[in-house]
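Read through the structure below, which is laid out as structure tokens, and then see the notes.
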Amino acid sequence: MKINTGKGTIPLTALVAIWSISAIISLPGLAISPILEDLDKIFPSASELEVEMLESLPSLMIIPFMLLSGRWSVRGNKIRLLVIGSAIFLISGIGSLLSRSLVELIVLGAVMGVGAGIIIPLSTGFVVDYFTGDYRIKQLGISSAVNNLALVGATSLTGYLADIKWYFAFVVYLLPAVTLILIPALSHTRPEPEPPQGAQRRQQGLNGRIIVGLMLFYFIITYASLVVTFNTSYLASEGGMSSSKSGLLISLFFLAIMAPGFVLNRVMNLLGKATNLWSLLVMGVGLLVMSLPHPSFLKLAVGAILTGLGYGVMQPLIYDKAATNSPPHLSTLALSLVMVVNYLAILVAPFIIDGIDWLFVTKSYSFPFLFNGLLTLVVALVTLFVFRKSRVLGLDD
162 MKINTGKGTI PLTALVAIWS ISAIISLPGL AISPILEDLD KIFPSASELE
212 VEMLESLPSL MIIPFMLLSG RWSVRGNKIR LLVIGSAIFL ISGIGSLLSR
262 SLVELIVLGA VMGVGAGIII PLSTGFVVDY FTGDYRIKQL GISSAVNNLA
312 LVGATSLTGY LADIKWYFAF VVYLLPAVTL ILIPALSHTR PEPEPPQGAQ
362 RRQQGLNGRI IVGLMLFYFI ITYASLVVTF NTSYLASEGG MSSSKSGLLI
412 SLFFLAIMAP GFVLNRVMNL LGKATNLWSL LVMGVGLLVM SLPHPSFLKL
462 AVGAILTGLG YGVMQPLIYD KAATNSPPHL STLALSLVMV VNYLAILVAP
512 FIIDGIDWLF VTKSYSFPFL FNGLLTLVVA LVTLFVFRKS RVLGLDD
């Protein structure tokens, strides 16, 4: 079966190989999520610093190696980078599954961050290399959907496996083996050159002003949405809900992020240049709904879904803008610069949320949702006045 790319066609197996990269890039750190509360029992001599390193070190390693991968992709062989990154990821995953020492898990987590950092820019870089125009936007949306679907599925699987034996949760780190098996299908399919009329052909180098604008925009919306991941459990507890319902709410959020990816072109055709404007409004309203007094499951579910839908439209569009504002040979570098913002936001969001809580002297669990909802609506207000001419906040040209 052949898949249209806007430049020609590629085999379905090559496309599945690209999707498999998207499926594994959110895995680092995932396996420890269901055992965080039990770490004191599993490792009774563990220090607070060691536990923090187990959580944060993979992300800290991802950031510099994402940037290095983007730089290496300019002159290096991307298939070779994918093989190296996936192999490092898989080896560290096997080691984590076999390890019973916290120190070993910390070291292996750092190594996994190296492998993940190398392949994360490639997950969208290969989409940009093989597809163009509306075909590219469609595949960026699907890749985002595959990423979030894998995240939801892997989260459920790790929780189930950890209930059997805590170290069984690390089985999800063996998924890069699928990518390694599929790499030959990708390596035997060379991408066609960008057509002369393609937006990338008009770029002589990275459009620094646009790339920086996209980074700032991506940071704001990612930070604003992360409050759902980090703080929903507190609201659920305040509303008398169980931890399983809290987990369900977060799953609904990720499923909502996933959903627009399958219909992204239709959404853009419907909303046109106002696509980001409407997405910001939907996301802001969702966060405000979650901040309402007397939280109930219905309120939180509606809010989480609206927040996820808004974010799920904007994320792949940001990736497409990064690609179209760089020449073909620099597209993966541009994507690495923009995508690294996602991980920076994940690292600093808890500190920003705590800082805002301290600044406004409030201990309300709902206040971060209110603040981030208002922040998102302020960005929507700015977008209202500039989206018709802005290459960052408007529809890609």
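For the sequence shown, position 313 (counting from the first letter as 1) is numbered 474 according to my numbering, and the numbering increases by one without interruption. Quick reminder that beta carbons are idealized off the backbone N, C-alpha and C, glycines included.
Taking all protein chains shown into account, do 16 or more other C-beta atoms lie within 10 angstroms of the C-beta of residue i, making it buried, or fewer, making it exposed?
| i | result |
| --- | --- |
| F512 | exposed |
| Y334 | buried |
| R351 | exposed |
| F226 | buried |
| D481 | buried |
| V522 | exposed |
| G246 | buried |
| M162 | exposed |
| G169 | exposed |
| G588 | The shown model of the chain, from 162 to 558, leaves out residue 588, and the question about it has no answer. |
| Q365 | exposed |
| L173 | exposed |
| N165 | exposed |
First and last residue of the alpha helix (DSSP H) that includes residue i?
| i | result |
| --- | --- |
| N368 | Element bounds for N368: n/a, residue is neither H nor E. |
| I164 | Looking at the DSSP string, I164 is not in any alpha helix (DSSP H); the run it does join, the beta strand (DSSP E), is 163 to 165. |
| I185 | 173 to 185 |
| S348 | 337 to 348 |
| D324 | 294 to 325 |
| M451 | 436 to 451 |
| P421 | Run containing P421: none; DSSP gives neither H nor E here. |
| L536 | 528 to 547 |
| I203 | 200 to 203 |
State the DSSP-derived secondary structure class of residue i, mapped to helix, strand or coil.
| i | result |
| --- | --- |
| P357 | coil |
| N560 | Residue 560 is absent from the model: the chain starts at 162 and stops at 558. |
| T493 | helix |
| P477 | helix |
| T170 | strand |
| R261 | coil |
| A385 | helix |
| G190 | coil |
| P488 | coil |
| P454 | coil |
| A510 | helix |
| M402 | coil |
Might you give, ordered along the chain, the residues of its own chain that have their beta carbon closer than 7 angstroms to the beta carbon of residue i, omitting 5 neighbours on each side?
| i | result |
| --- | --- |
| A483 | I372, L375, A495, L496, V499 |
| Y395 | Y526 |
| A435 | F548 |
| T468 | S386, V389, F414, M444, G447, L448 |
| L188 | A315, V333, Y334, L336 |
Kindly list the residues whose CB is nearer than 8 angstroms to the CB of residue i, restricted to its own chain and excluding five residues on each side of it in sequence; keep chain order.
| i | result |
| --- | --- |
| T393 | S407, L410, I411, F414, M451, L461, A465 |
| I479 | L375, F378, Y379, V499 |
| K524 | D518 |
| K239 | L283, G286, F287, D290, T493 |
Which residues in the same chain have their Cβ closer than 6 angstroms to the Cβ of residue i, if we skip the five residues on either side of it in sequence?
| i | result |
| --- | --- |
| G276 | G246, I249, F250 |
| T493 | G231, S234, P282, G286 |
| A178 | L343, A346, L347 |
| L258 | F331 |
| A311 | A184 |
Can you determine whether any heavy atom of the ligand GDP sits closer than 7 angstroms to the C-beta of residue i, and answer yes or no?
| i | result |
| --- | --- |
| V389 | Among the ligands in the structure shown, none appear at all, so the ligand GDP cannot be discussed. |
Original post:
Counting Cβ pairs, one atom from each stretch, are 3 or more of them under 8 angstroms apart for the region 295 to 307 and the region 414 to 431?
Top reply: Segments in contact, yes.
Subject >> the region 315 to 326 contacting the region 209 to 219, beta-carbon criterion three pairs below 8 angstroms >> reply: No: the two stretches stay apart, fewer than three of their Cβ pairs being nearer than 8 angstroms.
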